[in-house]
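Take a look at the structure set out below.
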Ligand SMILES: Nc1ncnc2c1ncn2[C@@H]1O[C@H](COP(=O)(O)OP(=O)(O)OP(=O)(O)O)[C@@H](O)[C@H]1O
Ligand SMILES: [Mg+2]
């Protein structure tokens, strides 16, 4: 394995190398320049000779070499000491900052996301600190979102099991009634069977919701695309929606397409989107109000819209209605059933159709939900 070196060691070695190199180069340069000076002009020669004589005279009889050596060694030690002090300061600071960053990275690895990673004085290290802080913030946001989703999932499971229990209990009661002869006339038996059938439809809807949600969560929604003639498709749905709306004593207005339009769509999934938009308009609409289902051509596609004149959605909530499990406060606190998944699933379905789903709303005035679908390409129609 490659031998690891510390920053301080690296700086120290580089400092000593620079010191030795500069001394050698300095001495060589001085000697070369002196030689050139002497060779280049006669005065230079005599200058060098007189300097040599002076040195001889001054140091005659004394052992010049030890002094010279000690001087050089002292000089080296002084420069080396200075280098050591300076590099120690720099590397000490860098090591401390790097240790801080390593501690921060360890915290991230251990999942401790509460401590902000502070900025550093050194630019490059500060960039690293900022990146780590960015990672921390993203992980923190993701973990908060995960915790919220976890809580919502728990609530959803609790709601779903409650919602499932109600029709199951009713079906059991009515079937027992038939078995034990309580429904002793043909009319009573028919009524019991009608109720059982209605409750199985509720069960079917709930199970469908659960299936859609798990497919959506796993990103494994299965689509069976085919050509769908929208005018006929909508006409088939209208009686069902009229019945839903009548149940709440609301009015239903259908504004069909002016000309035929064919889209490439999964019928079941498209119905799922419209069912949720109409059910939202019914659930959150005004009792006695009006639900409008309209369709009109727009550029190379069709816009389907479902409008109500109900409570509307507050502006701050409008941005979140497509988030999984989101329910505006009014919906959450009311007895209106719902899991807050409908629009999230619908948006994903719309996008899989290369379409778009969006909502506009004014609090107290009502909501419009729009679904844009592109027309089927000519080659798909052949
Ligand atoms: N037409 C509307 N009027 C008022 N609020 C609406 C309307 N449509 C949606 N919302 C708000 O958006 C939230 C999300 O809607 P979404 O359809 O996703 O969930 P839900 O209807 O509560 O439950 P689910 O559709 O899963 O049964 C609703 O809870 C409600 O607060
Ligand atoms: Mg809904």
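In my numbering, the protein residues as written are 365 to 746. Virtual Cβ for every residue (Gly too), placed ideally from N, Cα, C. Given the structure is predicted, the values throughout are model-derived calculations rather than measurements.
Item                                                                                                                              : Value
Contacting residues, own chain, Cβ-Cβ under 8 Å from residue 746 (five flanking each side not counted)                            : With a pLDDT of 45 at residue 746, under the threshold of 50, the predicted position of this residue should be treated as unreliable, and no value is reported.
Residue 765 versus residue 732 - alpha carbon distance                                                                            : The chain is shown from 365 up to 746; residue 765 falls before or after that span and cannot be answered.
Cβ pair residue 477, residue 503 closer than 7 Å                                                                                  : yes
Separation of residue 511 from residue 498, as counted between CA atoms                                                           : 20 Å
Sufficient close CB pairs (3 or more, under 8 Å) joining the segment 512–521 to the segment 560–571                               : no
Short CB-CB distance (under 7 Å) between residue 693 and chain C                                                                  : The question asks about chain C, but that chain is absent: this structure has only one protein chain.
Of the residues 598, 577, 528, 734, the one placed nearest residue 565, counting alpha carbons only                               : 528
Beta-carbon proximity list for residue 702, same chain, < 8 Å, skipping 5 on both sides                                           : 647, 691, 695
Residue of 500, 575, 520 minimising C-alpha distance to residue 474                                                               : 500
Three-pair Cβ contact test at 8 Å for the segment 439–459 versus the segment 376–394                                              : yes
Cα-Cα separation, residue 394 to residue 382                                                                                      : 18 Å
Chain-order list of residues whose beta-carbon lies under 6 Å from that of residue 671 (same chain, five-residue window excluded) : 656, 732
DSSP beta-bridge partners of residue 738                                                                                          : 665
Rounded distance between the beta-carbons of residue 458 and residue 371, thought under 8 Å                                       : 6 Å
As assigned by DSSP and simplified to three states, the class of residue 746                                                      : For residue 746, the predicted model reports a pLDDT of 45, less than 50, meaning its position is unreliable; a value from the coordinates is still stated below. Coil, per DSSP.
Identity of the residue in 415, 534, 728, 629 nearest residue 763 by Cα                                                           : Nothing about residue 763 can be read from this structure; the chain reaches only from 365 to 746.
Beta strand (DSSP E) segment containing residue 631, residue limits                                                               : Segment 631–648 is the alpha helix (DSSP H) holding residue 631; no beta strand (DSSP E) there.
Boundaries of the alpha helix (DSSP H) in which residue 721 is found, first to last residue                                       : Segment 720–726 is the beta strand (DSSP E) holding residue 721; no alpha helix (DSSP H) there.
Residue 662 burial status per 10 Å Cβ neighbour count (16 or more: buried)                                                        : exposed
Start-to-end residues for the alpha helix (DSSP H) that takes in residue 680                                                      : 679–682
Cβ-heavy atom distance, residue 702 to ligand 2, below 6 Å                                                                        : yes
Inter-residue Cα distance where the pair is residue 634 and residue 601                                                           : 11 Å
Simplified DSSP assignment, three categories, for residue 674                                                                     : coil
Start and end residues, beta strand (DSSP E) containing residue 591                                                               : 590–593
Buried/exposed call for residue 547, threshold 16 Cβ in 10 Å                                                                      : buried
Nearest candidate by alpha-carbon position, reference residue 520, set 454, 570, 615                                              : 570
Exposure of residue 677, with buried meaning 16 or more beta-carbon neighbours within 10 Å                                        : buried
Contact under 7 Å by Cβ, residue 567 with residue 531                                                                             : yes
Extent of the continuous alpha helix (DSSP H) to which residue 692 belongs                                                        : Taken as a continuous stretch (DSSP letters only), residue 692 belongs to no alpha helix (DSSP H), as it is neither H nor E.
Helix, strand or coil at residue 730 [DSSP, three-state]                                                                          : strand
Own chain, CB closer than 7 Å to residue 523, minus 5 neighbours either side, in chain order                                      : 703
Stretch-stretch touch, CB-based, cutoff 8 Å, three pairs: the segment 618–629 with the segment 570–582                            : no
Where the alpha helix (DSSP H) through residue 562 begins and ends                                                                : 550–581
Host alpha helix (DSSP H) of residue 708 (start-end)                                                                              : 706–716
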